[in-house]
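One structure is given below, encoded as structure tokens.
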Amino acid sequence: MPLVPVPKPTFAQKLKRFFMGDLLKGLGVTLRFNVGALTDKDSVAGKGIYTEQYPKVRPDVAPRFHGAPRLNMDPETHDTLCIACNLCALACPEDCIDVIAMDVEVVAACKLRRKKVRDGFIFDTSRCTFCALCREACPTCCPV
Numbered sequence: 002m003p004l005v006p007v008p009k010p011t012f013a014q015k016l017k018r019f020f021m022g023d024l025l026k027g028l029g030v031t032l033r034f035n036v037g038a039l040t041d042k043d044s045v046a047g048k049g050i051y052t053e054q055y056p057k058v059r060p061d062v063a064p065r066f067h068g069a070p071r072l073n074m075d076p077e078t079h080d081t082l083c084i085a086c087n088l089c090a091l092a093c094p095e096d097c098i099d100v101i102a103m104d105v106e107v108v109a110a111c112k113l114r115r116k117k118v119r120d121g122f123i124f125d126t127s128r129c130t131f132c133a134l135c136r137e138a139c140p141t142c143c144p145v
């Protein structure tokens with residue numbers, strides 16, 4: 002088996018290893034950022050405090066953020082505005098909305114009519130992309 006020549010380290014490389022030059026270079030970078038944080042320099046440029054002080058300063062919310070959908074209530078009857086049309090579930094690209102409807106017989110103007118009533122509304126927030134397509138599809142502006 003042939004011998005592989007191994008280059009001998011130079012005197013500068015030995016000094017760098019002995020004084021741990023790479024470690025000192027990394028500590029210098031850390032010190033530079035910490036001094037920048039202490040002197041309150043610009044956080045966008047990579048220096049300064051770039052954490053949000055949450056209880057004191059509220060974070061900015063994106064202008065198109067809609068939040069998690071929920072059912073709106075009628076202010077007079079305190080019942081939901083949902084008419085169980087299932088359009089929100091059809092418009093949802095993630096299929097995270099399920100509307101459970103029930104047919105109820107109602108007497109109106111001395112006639113027996115069938116009416117669709119919402120029996121359940123299941124919304125899976127873990128799969129929602131917050132696109133608000135359900136809001137656009139709803140004829141009664143029920144999901145907000």
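Adding 1 to a residue's 1-based position in the sequence shown gives its number in my numbering.
We treat Cβ as the ideally placed atom computed from N, Cα and C, and that holds for glycine.
Taking Cβ positions, are Ala90 and Val118 nearer each other than 8 Å?
Translated into the one-based positions of the sequence shown, residue 90 becomes position 89. Translated into the one-based positions of the sequence shown, residue 118 becomes position 117. No, these two residues do not count as a Cβ contact at 8 Å.
Let me confirm a value: Cys142 is counted as buried when at least 16 other C-beta atoms fall within 10 Å, else exposed. Which label applies?
On the sequence shown, residue 142 is found 141 positions in, with the first residue counted as 1. Cys142 is exposed by the Cβ-count criterion.
Would you list the residues sitting across from Met21 in a DSSP beta bridge?
Residue 21 sits at position 20 when you count from the first residue of the sequence shown. The partner list for Met21 (beta bridge, DSSP) is empty, contrary to what the question assumes.
Can you tell me where the alpha helix (DSSP H) with Leu4 in it begins and where it stops?
Translated into positions along the sequence shown, residue 4 becomes position 3. Counting along the chain, Leu4 falls outside any alpha helix (DSSP H), and DSSP gives it neither H nor E.
Which complete beta strand (DSSP E) runs does the stretch 28–112 hold, if anything under 3 residues is left out?
Qualifying beta strand (DSSP E) stretches, in chain order: 98–109.
Is the separation between the beta-carbon of Phe122 and that of Cys83 shorter than 8 Å?
Residue 122 sits at position 121 when you count from the first residue of the sequence shown. Residue 83 sits at position 82 when you count from the first residue of the sequence shown. Yes; because the gap between Cβ atoms is below 8 Å, this pair is in contact.
Contact between the stretch 130–139 and the stretch 59–72 (3+ Cβ pairs under 8 Å)
yes
Tell whether a beta-carbon distance below 8 Å holds between Met120 and Ala102.
Your numbering for residue 120 matches position 119 in the sequence shown. Your numbering for residue 102 matches position 101 in the sequence shown. It should be noted that the sequence gives Asp, not Met, for residue 120. It is a contact, given that the beta carbons lie within the stated cut-off.
To the nearest angstrom, how far is it from the Cα of Phe19 to the Cα of Phe12?
As a position in the sequence shown, residue 19 is number 18, starting the count at 1. As a position in the sequence shown, residue 12 is number 11, starting the count at 1. A straight-line Cα-Cα distance of about 10 Å links Phe19 and Phe12.
Provide the residue span of the alpha helix (DSSP H) that contains Arg136, from first to last.
Against the sequence shown, residue 136 aligns to sequence position 135. Membership of Arg136 in the alpha helix (DSSP H) is indicated by the continuous run Leu134 to Ala138.
Is Cys132 closer than 8 Å to Cys97 when the C-beta atoms are compared?
Position 96 of the sequence shown, counting from 1, holds the residue named residue 97. Position 131 of the sequence shown, counting from 1, holds the residue named residue 132. No; because the gap between Cβ atoms is not below 8 Å, this pair is not in contact.
Per DSSP, cross-strand counterpart(s) of Phe124
As a position in the sequence shown, residue 124 is number 123, starting the count at 1. According to DSSP, which records beta bridges pairwise, Phe124 is partnered with Ile98.
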